[in-house]
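The block underneath contains the structure these notes are about, expressed in structure tokens.
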Amino acid sequence: MDSVIKSIEEQRVVAVIRADTAEEAIAIIEGAVAGGISLIELTYTTPDVAEIYEKTRHLSFTFGAGTVNDIETAKEAVELGAGFIVSPYFDPEVADYCMNVQIPYFPGCMTVKEMMIAKKAGAPIIKLFPANHFDSSFIKAVKGPLPDVKIMPTGGIGLHNLSEWLQAGAIAVGIGSDLNKAYAEGGVAAVTDISKKYTRLVKGVQV
């Protein structure tokens, strides 16, 4: 568990893969990894998650399962080899299961109360979702009553505001739509190119 958290703290970008087909997801993962992104959240709204992971497991990345809304899906993801579990909201059963198997659980939260409940349940990182409903100053406000909380905003994060969120205290950010747009416009090469831009940008952020 600690190694995954350390990787997120160091890499600071998680690629959220949500695609209409397995082929599209595989291509975006290949492009993102080639561009230097090594943390991949593959959402369960994407078809054939098991097939996608099997066909990309030779690549050098940490596989995380996203949109995990129940314990059955969490168990399936862990059996596939997921290094972390992400949900759009806090689920106590999923949290308990992840704690028992020592897999990091990152639930989506929008309020201080939700974050406190998730943190007490053992969630090492809270996903602020959807982040496009918030300003980056929200992180500083939350860290007043919850100074140790680690927040990863996801939703509406792009090259235009990534630095702002990281400088505000985000432990990392989740990105996704830019990768899909790049793939639609230029295929794998375009995904690789924009992924390189993200990794260069992160390295240049001073916090």
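Take 111 as the starting number for the sequence shown in our numbering and just add one per residue. Ideal placement from N, C-alpha and C gives every residue a C-beta, glycine not left out.
Under a Cβ-count criterion, where at least 16 other Cβ atoms within 10 Å of its own Cβ denotes burial, should residue i be classed as buried or exposed?
| i | result |
| --- | --- |
| H161 | Reading off the sequence shown, one finds Glu at residue 161, where the question assumed His. E161 should be labelled exposed. |
| P255 | exposed |
| T302 | buried |
| T264 | buried |
| R310 | exposed |
Taking the alpha-carbon of residue i as reference, which of the options has the nearest alpha-carbon?
| i | options | result |
| --- | --- | --- |
| T166 | A278, D180 and G191 | G191 |
| D206 | M220, K116, C219 and I227 | I227 |
| C219 | E203, S247, S197 and V204 | S197 |
| K306 | A129, D258, F194 and A144 | A144 |
| S113 | F194, G146 and T177 | F194 |
| S170 | T156, I150, K185 and T155 | I150 |
Using DSSP with H/G/I as helix, E/B as strand and the rest coil, what is residue i?
| i | result |
| --- | --- |
| T156 | coil |
| V126 | strand |
| I181 | helix |
| T221 | coil |
| G176 | strand |
| P263 | strand |
Can you tell me where the beta strand (DSSP E) with residue i in it begins and where it stops?
| i | result |
| --- | --- |
| A280 | From DSSP, A280 is part of no beta strand (DSSP E); its letter is neither H nor E. |
| S197 | F194 to S197 |
Nearest-angstrom Cα distance between residue i and residue j?
| i | j | result |
| --- | --- | --- |
| G279 | I261 | 8 angstroms |
| L272 | A233 | 23 angstroms |
| D201 | N179 | 7 angstroms |
| I118 | H270 | 21 angstroms |
| A294 | D130 | 12 angstroms |
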